[in-house]
Amino acid sequence: MKKLLIIPLLFVCFMGMGQEKSLQDLGSAISADEKAGRVPSLSNLELFAAAAKKRNDEISYNEAAEKIIYCYKLQKYWVELFKNFRLKFGHNSRLNLDLLRLEYSTDQFTKANEFSEFAQLLLLAGCPAESLKVIERGFKAGALGTGAEAEKHKSLRSIAQKKLAEINIKPADHSLTAEKRKTVQLYQT
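At position 53 of the sequence shown the residue is numbered 86 (the working numbering), and the sequence of numbers has no breaks.
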């Protein structure tokens, strides 16, 4: 009963004049839940995130988004975190492939260009098995293999298959690094 009264009261405070106070109250409620070993309520976390966003407090917003992702696995917050990461660090080529891997693993890819560009980057990085998995997933999702770009998608699949076959043909070849062998083994399963 007590919890039910706190949430609307905090929401009214947030929407009204006590925005700073409501942010502190929400933060305290979330911290109290965590200290007690409870999962903070989704409504408290979302109100905290909304209040932080309204105040342009990126650190608090990201903290709330991370807790929502950790506790409730909501996809929309992944998108926000990826966007904020890109804004903060810009286009960092060293991190780009890893960031794309995170986006892919959280099912953020829906468009053909997202699948094909990621697959091409993986091929350039020497990861044909992983690239082929991305391509096959794109075909299965219906993003690849359709429309005006269908032939390019099929060509990309063919290239990935050939590169993977080249690695598989020469397993005893010493030019195949241990890292590439691990990649092949990891993505063939």
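Don't be surprised by glycine CBs; every beta carbon is placed ideally from N, CA and C. No experiment lies behind these values; they were computed from the predicted model shown.
Check: Contacting residues, own chain, Cβ-Cβ under 8 Å from I102 (five flanking each side not counted); Outcome: Y110, W111 and L114
Check: Of the listed residues K87, N129, I200 and L107, nearest to A162 (C-alpha basis); Outcome: I200
Check: Where R127 falls: helix, strand or coil (DSSP); Outcome: helix
Check: Secondary structure of C104, DSSP reduced to three states; Outcome: helix
Check: Cβ-based neighbour list, A158, same chain, cut-off 7 Å, excluding 5 preceding and 5 following; Outcome: L130
Check: Straight-line gap, A65 to S55 (C-alpha atoms, nearest Å); Outcome: 15 Å
Check: Residue of N77, L75 and A193 minimising C-alpha distance to C160; Outcome: A193
Check: Pair within 9 Å by beta-carbon distance, L80 and C104; Outcome: no
Check: G180 in three-state terms, based on DSSP; Outcome: helix
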